[in-house]
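Student: Residue numbering for the sequence shown follows my numbering, starting at 305 and increasing by one per position. The beta-carbon is built from N, C-alpha and C at its ideal position, and this holds for glycine as well.
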Amino acid sequence: MANQFLLYGANGYTGQLIARHANEYHLQPVLAGRNKEALQKLSSELHFPYLVFDLGNQAALDDALTNFEVVVHAAGPFDQTAHPMADACIRTGTHYLDINGDINVFESLKLLDSAAASSGIMLMPGAGFDVVPTDCLALFLKHQMPDATALKIAFATTGGGLSRGTATTMINNLGEGGKRRINGKITKVPLGEHGIWISFGNSPGYGKVRRFVMSIPWGDV
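(1) Would you call the stretch 341 to 356 in contact with the stretch 315 to 327, where contact means no fewer than 3 C-beta pairs closer than 8 Å?
(2) Evaluate G430 with the Cβ neighbour count: other Cβ atoms within 10 Å of its Cβ, from every protein chain shown; 16 or more gives buried, anything less gives exposed.
(3) Between G482 and P494, what straight-line distance do the alpha-carbon atoms span, to the nearest angstrom?
(4) Do P353 and V334 have their beta-carbon atoms positioned less than 9 Å apart in this structure?
(5) Could you tell me whether the Cβ atoms of L310 and V409 are closer together than 9 Å?
(6) Output the residue ranges of the beta strand (DSSP E) runs that lie fully inside the stretch 382 to 411 and measure 3 residues or longer, sorted by chain position.
(7) Cβ of H447 versus every heavy atom of the ligand MN: is any distance shorter than 8 Å?
(8) Ends of the beta strand (DSSP E) at A379?
(9) Output needed for F433: all residues of its chain with C-beta closer than 8 Å, excluding positions within five of it in sequence on either side, in chain order.
(10) Measure the alpha-carbon distance for I457 versus M518 and round it to whole angstroms.
(11) So, S412 versus A379, is the Cβ gap smaller than 9 Å?
(12) G360 to P388, Cα distance in whole Å?
(13) I'd like to check one pair, Y400 with A421: are the Cβ atoms closer than 9 Å?
(14) How about G397 and S423: do their beta carbons lie closer than 9 Å?
(15) Using the DSSP secondary-structure output, state which residues sit across from L333 in a beta bridge.
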């Protein structure tokens, strides 16, 4: 079916946001995940079909993906879930997108590049808040300032909170320190080794926003 894709982790915080946004744009995702009750509830609300299976069940996973050209993987923590899904996508010839921003996961998925190319599929981690949007911003700025030689990108939030998957990943990675790419190689550095104050201008409902920001091991590295 046109505009149809598999959304795994649809009942999670970010998965639900994706599902509702897809509905607004008249896309036709098939909801998927492990929690049947939660999927049924979301399916009843949005009138999308749903599938229930666990990433640990390879046969069920492969059987589900065979019917789709694209899967959007939204079930973290991705250091545990990315490879089972990506491996299945390679086996079934299904394009893979996820909302992960973990450098270690990016690097591990990079090792699957040859297998993905042989299968004729794309592996695109970082299609959520990070890293694809900031890549697009960097490219836009490069076009605007072609002679520039350095770029600093900072972001701040006003209101809202973290999803459970994001919070879990942050806690798990606290002991890993920060990351920098030095001479082309990702190098471990102290977490938050650099910090500056930045004015983000006016934010609706919050007025002028000024935040202290620090370096973090973001997927853009």
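Tutor: Short version:
(1) yes
(2) buried
(3) 5 Å
(4) yes
(5) no
(6) 399 to 402
(7) Among the ligands in the structure shown, none appear at all, so the ligand MN cannot be discussed.
(8) Premise fails: A379 is in no beta strand (DSSP E) and is neither H nor E.
(9) I403, G405
(10) 11 Å
(11) no
(12) 7 Å
(13) no
(14) yes
(15) Just to set this straight, residue 333 is Pro in the shown sequence, not Leu. In DSSP, P333 forms a bridge with F309.
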